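Respectively, the protein sequence lines represent chains A and B. Using the working numbering, the letters of the first sequence correspond one by one to residues 238 to 481. Using the working numbering, the letters of the second sequence correspond one by one to residues 238 to 481. Report on one structure; see the data block that follows.
Number of protein chains: 2
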Amino acid sequence: MVLDVNHQAPREPKYYQVKRHLLQLIDTLAPGSLVPTERVLTVELETSRTTVRQALSELVGEGRLVRRQGSGTYVAEPKIAWPLHMTSFTEQAAAAGYSASTQLLDAVRERASEDIASRLGIKTGASVYCIERLRLVDDTPMAVETSYLSAARFAGLIGHVRKTSSLYRVLADVYGTAPVSAEETIETAVASPREADLLNTDTGAPMLVLGRHSFDDAGEPIEWVHSWYRGDRYVFVAKLSAGH
Amino acid sequence: MVLDVNHQAPREPKYYQVKRHLLQLIDTLAPGSLVPTERVLTVELETSRTTVRQALSELVGEGRLVRRQGSGTYVAEPKIAWPLHMTSFTEQAAAAGYSASTQLLDAVRERASEDIASRLGIKTGASVYCIERLRLVDDTPMAVETSYLSAARFAGLIGHVRKTSSLYRVLADVYGTAPVSAEETIETAVASPREADLLNTDTGAPMLVLGRHSFDDAGEPIEWVHSWYRGDRYVFVAKLSAGH
DNA sequence: CCTCTGAAATGGACTAGACAACTCTGATAG
DNA sequence: CTATCAGAGTTGTCTAGTCCATTTCAGAGG
């Protein structure tokens, strides 16, 4: 296969011209400023509202603009840096100067899908606890976190979780176990209506999904978690040193 | 502020019904299979082509479908796991069983923007080298990587980079320096026409952007890099242990 | 048998407009 | 003065279509 890197650049779509025009405009405005309405832009840039909306949508997805139905479109606040590989959510937030809290959305027992079962080292259809929590920072929803744990291994977990906010504390105090290693994954996704509602954003908005697969000292899987963050609001940060 | 988590769920948009219908269909098909055309779906699901395209676009963005103009829409291959925090790009790829290569796209000397200057610890407008490279895995474009380094500190760098593929080797062998710590950031973005062209995807496609800010043993900044990966093709993976 | 050509089918980009849902403001009634 | 409400203006969703760029493939011609 021959690589075709030097071929002609594709012609620029019209909505991209609109986008560049808006980017220039955004640079001159302070966060919170109102940008022209869709209909005004349609006339000014001599295009259709659909095209203007495509440009606006991308900028919203990138966290540069915020749309408020019935009100207007505004220049967004800069993204919030969020440390990766945190010991404890609450702890790390406090260190960064935020007040963090957690809200239990749902805690149910269900049958493991093939995917969940293989991750937890149990049989498909075995009982698992599914714990869904909303992470808040300064009372603003930050992430939707869903944890899966084996029901056989952590019998009665739901009752404990309802009383104590920290899952890791329950695991340590009640079940005498703690994760010593983990494999984390980071990928992009698109918000479903449910996540969009909980995180106060739009269906289809770009998300950052952080997955964590935790193991105990014996190498046995403890939990499988995935956390959905608004991609337009957060940027993950990790500090690395020497060794690698 | 009172949290309003239990209010009614928003009514499901029609395009999301289309999307769920397609997801069900995708689950029954093998990667590479053809899905019905946009016009067929429009009739079958009794909607407009615009609405069908919105659903298809999200699925393409999530890496579940691939569109080929003039041909059709196909079920996509699963995402590729890519290790984070790699020592050397080539090395790490080899370890994962891939053959990696790098193609130099551009290497120029330019004036530092305010942002770049502050990252490199130099004055705005000072000379910097901007080195743009395309990372390939098994001859498939994987990421567009742009590095910025101080031209004063690494005089003549471009000449060396044209001869040697590894930037870090040049830094070590010629300039006797190496990064010992770094701060990495991960965020979502949207592909510009240029990146879309280089990575063989579409303008506006969701991307994962990895930033790395490297420092030497004296704590002086060495380089600032950002790498753009196709969000629909890659998932970053990191292994963590105990103390982390 | 091979090559070329052109029609058909596909996705890509865009338009013009309708109606719904929501926000804000100013006029009005109490 | 305050509270309410109607209406104007905004974004959200959807429709029905046009035209373009690319791919595919069957058939004509060599």
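Cβ coordinates follow ideal geometry from the N, Cα and C atoms, glycine included. This one's a predicted model, so the numbers in the text were calculated from it and none came from an experiment.
inquiry  = Between which two residues does the alpha helix (DSSP H) holding ASP191 (chain B) run?
reply    = As shown, chain B starts at 238 and ends at 481. That puts residue 191 (chain B) outside it, with no answer to give.
Secondary structure, beta strand (DSSP E): runs of 3+ residues fully inside the stretch 278-317 of chain B = 302-305, 309-312
query = According to DSSP, is THR265 (chain A) helix, strand or coil?
reply = Within the first sequence, residue 265 (chain A) is the residue found at index 28, counting from 1. Three-state result, THR265 (chain A): coil.
request  = Identify each residue in the stretch 305-317 of chain B for which the Cβ-Cβ distance to at least one residue of chain A is less than 8 Å, and report them in chain order.
outcome  = For the stretch 305-317 of chain B, the set of positions with a beta-carbon nearer than 8 Å to some beta-carbon of chain A reads LYS316 in chain order.
key: Closest Cα partner of LEU447 (chain B) within the set B:PHE391, B:SER384, B:ASP434   = Reading the second sequence from its first residue, position 210 is the one you call residue 447 (chain B). It is B:SER384 whose Cα lies nearest to the Cα of LEU447 (chain B).
task = Please classify LEU259 (chain B): does DSSP put it in a helix, a strand, or coil?
result = On the second sequence, residue 259 (chain B) is found 22 positions in, with the first residue counted as 1. Correct three-state label for LEU259 (chain B): helix.
Where ALA428 (chain A) sits in the DSSP three-state scheme = Counting from 1 along the first sequence, the entry for residue 428 (chain A) is found at position 191. If DSSP states are grouped into helix, strand and coil, ALA428 (chain A) belongs with coil.
request  = Tell me, please, which residues DSSP counts as bridged to GLN340 (chain B).
outcome  = Numbered from its first residue, the second sequence carries residue 340 (chain B) at position 103. BP columns for GLN340 (chain B) point to B:LEU371.
query = In whole angstroms, what is the alpha-carbon distance linking LEU404 (chain B) and CYS367 (chain B)?
reply = Along the second sequence, read from residue 1 onward, the residue named residue 404 (chain B) stands at position 167. Along the second sequence, read from residue 1 onward, the residue named residue 367 (chain B) stands at position 130. Going by the C-alpha atoms only, they are around 12 Å apart.
query = By how many angstroms is the C-alpha of TYR466 (chain A) removed from the C-alpha of LYS251 (chain B)?
reply = Stepping through the second sequence from its first residue, residue 251 (chain B) is reached at position 14. Stepping through the first sequence from its first residue, residue 466 (chain A) is reached at position 229. Roughly 25 Å between the two C-alpha positions.
key: Cross-strand partners of MET444 (chain A) (DSSP beta bridge)   = Residue 444 (chain A) sits at position 207 when you count from the first residue of the first sequence. DSSP output for MET444 (chain A) lists A:ALA426, A:ARG467 as bridge partner(s).
ask   = Using 7 Å as the limit for Cβ to Cβ distance, is GLU420 (chain A) near chain B?
value = By one-based count along the first sequence, residue 420 (chain A) stands at place 183. It does: the Cβ of GLU420 (chain A) has a partner Cβ on chain B nearer than 7 Å.
Cβ of SER478 (chain B) within 7 Å of any chain A Cβ = To locate residue 478 (chain B), count along the second sequence from 1; it is residue 241. For SER478 (chain B), the answer is yes, since a Cβ of chain A falls inside 7 Å of its Cβ.
Identity of the residues DSSP links to VAL398 (chain B) by a beta bridge = Your numbering for residue 398 (chain B) matches position 161 in the second sequence. In the DSSP secondary-structure assignment, VAL398 (chain B) is not bridged to any residue.
inquiry  = I want to see whether chain B comes within less than 7 Å of ALA267 (chain A), judged by CB atoms only; does it?
reply    = For this step, residue 267 (chain A) is matched to residue 30 along the first sequence. It does not; no Cβ of chain B falls within 7 Å.
key: Own chain residues within Cβ distance below 8 Å of TYR253 (chain A), not counting five before or after   = Here residue 253 (chain A) is taken as the residue at index 16 of the first sequence, counted from 1. Here the set comprises ALA292.
inquiry  = Between the stretch 349-361 of chain B and the stretch 428-445 of chain B, can you find at least three pairs of beta-carbon atoms closer than 8 Å?
reply    = no
inquiry  = So that I know if they touch, is there some Cβ in chain B lying closer than 7 Å to that of PRO430 (chain A)?
reply    = Looking up residue 430 (chain A) in the first sequence gives position 193. Output row for PRO430 (chain A): interface = yes.
message = Comparing C-alpha positions only, which one of B:LEU386, B:LEU408, B:GLN261 sits nearest to ILE359 (chain B)?
response = Numbered from 1 along the second sequence, position 122 holds the residue referred to as residue 359 (chain B). Among B:LEU386, B:LEU408, B:GLN261, the Cα nearest to that of ILE359 (chain B) is on B:LEU386.
task = Figure out for me which residue from B:PRO378, B:VAL272, B:ALA332 has the closest Cα to the Cα of VAL303 (chain B).
result = Taking the second sequence and counting its residues from 1, the one referred to as residue 303 (chain B) is at position 66. Closest in C-alpha terms to VAL303 (chain B), from the list B:PRO378, B:VAL272, B:ALA332, comes B:VAL272.
request  = Can you grab the Cα-Cα spacing for the pair ALA330 (chain A) / THR339 (chain A), in whole Å?
outcome  = Start at 1 with the first residue of the first sequence, and residue 330 (chain A) comes out as number 93. Start at 1 with the first residue of the first sequence, and residue 339 (chain A) comes out as number 102. Going by the C-alpha atoms only, they are around 12 Å apart.
key: CB contact flag (VAL474 (chain A), THR425 (chain B), <7 Å)   = Reading the first sequence from its first residue, position 237 is the one you call residue 474 (chain A). Reading the second sequence from its first residue, position 188 is the one you call residue 425 (chain B). Cβ distance not < 7 Å, so VAL474 (chain A) and THR425 (chain B) don't count as in contact.
inquiry  = the ligand GTP and LYS476 (chain B): does the residue's C-beta get closer than 6 Å to at least one heavy atom of that ligand?
reply    = With respect to small molecules bound, the structure shown includes none, and the ligand GTP cannot be examined in it.
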